[in-house]
């Protein structure tokens, strides 16, 4: 069995550490579980490997699950909670319904961690580590992850509907939602690079193919050959809404900088992706990342670290859930 975590990744982790400031967040620590759960990294690594062996699409899903958790009232594992008598969970919010997945992967890893280190590791820390591992096992570079988050006690379908960015929103709206979480335009561009892996359902971009913003015509910024291909995959019928198309048609299962190369040639799939070329500030970053893959890897690690530290609970706040889908 090989996880393909080569020496170059180890060197890259050291290199990326040099770029990250040694700021601590509350009681978070890079070595939080070294004594209490030393097997944690290997358990996460194997759990992600097993999931990707069965379904390579799962890498993007796990990464997205982490993003959707942190963007709704902070990184507290709320996206993992089922509906309870006190609240409606986030799983059925419009941006998540029939879309977010990978819950069973987190549950399986949580069970294994629970056997090795009972009542020790939070679900949200597992989700944060899983997101990084999904990137690494897809060919991306790792980044240092602070640990010690605790799980929240609530979830909010309403908050998920309001706070999660939509691929149909204008860039200024998306940037505002990032800013509300302490993230800036650079983070928007960098974290959008996660779309170098995974797929999108046709309904998320179909209006670009047939009736862009009510014009009755396709999006004029969309490459003509890509337009033809996407119309074949996603015909203008309701029955095609749930069909899938790769976010990065060149290397859909490899975490690289091809996403940005696609944007430069007007071959971004989502409206929100291609919109990055419409603003000179974001377009400049796109151009740089399309040319310099290491720069993208470095900045992606920095932005993911910022994302993972949004609104965390530490100390005696929150809890260590026994099961990720319900509070204790």
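In the UniProt record's numbering, the protein residues as written are 1 to 328.
Backbone N, C-alpha and C fix where the C-beta goes; we use that ideal spot for every residue, glycine too.
Remember, predicted model here, so these are calculated numbers, not experimental data.
Return yes when the Cβ of residue 99 is within less than 8 Å of the Cβ of residue 90, no when it is not.
Locating residue 90 in the chain shown gives position 90, counting from the first residue. Locating residue 99 in the chain shown gives position 99, counting from the first residue. It is not a contact, given that the beta carbons lie outside the stated cut-off.
Measuring straight from C-alpha to C-alpha, what distance separates residue 80 and residue 211?
The sequence position of residue 80 within the chain shown is 80, counting from 1. The sequence position of residue 211 within the chain shown is 211, counting from 1. In a straight line, the C-alpha of residue 80 is about 36 Å away from that of residue 211.
Helix, strand or coil at residue 232 [DSSP, three-state]:
As a working note, residue 232 is residue 232 in the chain shown. Of the three classes helix, strand and coil, the one that applies to residue 232 here is helix, per DSSP.
Closest by CA to residue 238, which one among 201, 261, 263, 278?
Here residue 238 refers to the residue found at position 238 when the chain shown is read from its first residue. For residue 238, the nearest C-alpha among the options comes from 201.
Taking residue 171 as the reference, which of 247, 137, 161, 280 has the closest Cα?
As a position in the chain shown, residue 171 is number 171, starting the count at 1. Closest option to residue 171, Cα to Cα, is 280.
Distance, Cα to Cα, residue 259 vs residue 39?
Start at 1 with the first residue of the chain shown, and residue 259 comes out as number 259. Start at 1 with the first residue of the chain shown, and residue 39 comes out as number 39. So the two alpha carbons sit approximately 34 Å from each other.
Roughly how many whole angstroms lie between the Cα atoms of residue 269 and residue 36?
One-based indexing of the chain shown puts residue 269 at position 269. One-based indexing of the chain shown puts residue 36 at position 36. If you take the alpha carbons of residue 269 and residue 36, they lie about 44 Å apart.
Taking residue 192 as part of the alpha helix (DSSP H), name the residues at either end of that continuous run.
Taking the chain shown and counting its residues from 1, one reaches residue 192 at position 192. Counting along the chain, the alpha helix (DSSP H) containing residue 192 begins and ends at 185–192.
Is the beta carbon of residue 62 less than 8 Å from the beta carbon of residue 130?
On the chain shown, residue 62 is found 62 positions in, with the first residue counted as 1. On the chain shown, residue 130 is found 130 positions in, with the first residue counted as 1. Cβ distance < 8 Å, so residue 62 and residue 130 count as in contact.
Going by DSSP, what residues sit across from residue 134 in a beta bridge?
Here residue 134 is taken as the residue at index 134 of the chain shown, counted from 1. Answer by DSSP bridge pairing: none, since residue 134 is not bridged.
Any idea if residue 245 is buried or exposed, counting beta-carbon neighbours within 10 angstroms, 16 or more meaning buried?
One-based indexing of the chain shown puts residue 245 at position 245. With 16 or more other Cβ atoms within 10 Å, it is buried.
Does the beta-carbon distance from residue 155 to residue 87 come in below 8 Å?
On the chain shown, residue 155 is found 155 positions in, with the first residue counted as 1. On the chain shown, residue 87 is found 87 positions in, with the first residue counted as 1. Taking 8 Å as the Cβ cut-off, residue 155 and residue 87 qualify as a contacting pair.
Starting from residue 199 and walking both ways along the beta strand (DSSP E), at which residues does that stretch end?
Residue numbering aside, residue 199 sits at position 199 when the chain shown is read from its first letter. Taken as a continuous stretch (DSSP letters only), the beta strand (DSSP E) holding residue 199 covers 199–201.
Count the CB pairs spanning the stretch 300–317 and the stretch 184–194 that are closer than 8 Å, and state whether there are at least three.
yes
What does the alpha-carbon distance come out to for the pair residue 46 and residue 53?
Here residue 46 corresponds to residue number 46 of the chain shown, with the count starting at 1. Here residue 53 corresponds to residue number 53 of the chain shown, with the count starting at 1. Their backbone Cα atoms lie some 10 Å apart in a straight line.
I'd like the list of long-range same chain contacts for residue 119, defined as Cβ closer than 6 Å, with 5 residues on each side in sequence excluded.
Your numbering for residue 119 matches position 119 in the chain shown. Taken in chain order, the residues that qualify are 320.
Out of 328, 310, 137, which has the shortest C-alpha to C-alpha gap to residue 178?
Working through the chain shown from its first residue, we reach residue 178 at position 178. The shortest Cα separation from residue 178 among 328, 310, 137 belongs to 310.
Distance CB(residue 181)-CB(residue 71) smaller than 8 Å
In the chain shown, the residue the question calls residue 181 occupies position 181. In the chain shown, the residue the question calls residue 71 occupies position 71. A contact, by the Cβ cut-off of 8 Å.
Under the DSSP definition of a beta bridge, which residues are partnered with residue 84?
Mapped onto the chain shown, residue 84 falls at position 84. Partner(s): 87.
Is the stretch 250–264 close to the stretch 128–145, with three or more CB pairs under 8 Å?
yes
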